[in-house]
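Read left to right, the sequence shown gives residues 13 to 144 (this note's numbering).
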Amino acid sequence: MARRTIADLLAEAREQLGHRPSPQEAHATAAAGEAILVDVRAGDVLARDGRIPDAIHHQRTVIEWRADPECEWRDERIADLDAPLILFCSQGYASSLAAQTLREMGFTRVTDMDGGFDAWKEQGLPTLPPVD
């Protein structure tokens with residue numbers, strides 16, 4: 013097998029995901045109840061940088077277990093292969109890979125937010141403050 017770089021994997025993931033909503037699109041879609049925002053950042057990053065109200069948090073290291081409908085550690089809020097999920101991380105890299113993994117698991121309506129939490133915050137969308 014030929015070596016593939018992380019840039020290769022990221023490009024392949026994004027090609028498979030198709031449209032990646034902007035923060036404004038993600039906000040509007042979630043506010044309308046048409047998507048579930050899932051934050052895959054590490055807990056210490058969430059505490060340091062703040063979070064998006066009503067987003068579900070499952071770190072990148074466990075998202076597959078929380079999303080798998082057959083896993084005993086699933087989160088029923090996201091463990092539906094047809095659930096409209098928009099994943100995000102800090103800048104939109106890890107979330108692209110996580111979303112692609114969920115696609116490979118059979119999720120049909122999963123993508124990730126272009127630019128991640130940093131872009132969301134830069135655009136003045138609602139956030140909850142960091143935890144001191």
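The beta-carbon is built from N, C-alpha and C at its ideal position, and this holds for glycine as well.
- Within the model, the alpha-carbon separation for His69 versus Gly136 is close to 21 Å.
- Under the three-pair Cβ rule at 8 Å, the stretch 25-33 counts as touching the stretch 107-114.
- Here Cys83 is exposed: its Cβ has fewer than 16 other Cβ atoms, across all protein chains shown, within 10 Å.
- Closest option to Gln36, judged by alpha-carbon separation, among Asp61, Pro138 and Arg86: Pro138.
- In this structure, the straight-line span from the alpha carbon of His39 to that of Asp66 is close to 11 Å.
- Boundaries of the beta strand (DSSP E) harbouring Thr123: Val122 to Asp124, taken from the DSSP string.
- Annotated as proximal: Asp92 and Pro81, with beta-carbon spacing under 8 Å.
- As the crow flies, the alpha-carbon of Leu97 is around 32 Å from that of Ala14.
- Note on geometry: alpha-carbon atoms of Glu76 and Val143 lie some 26 Å from one another.
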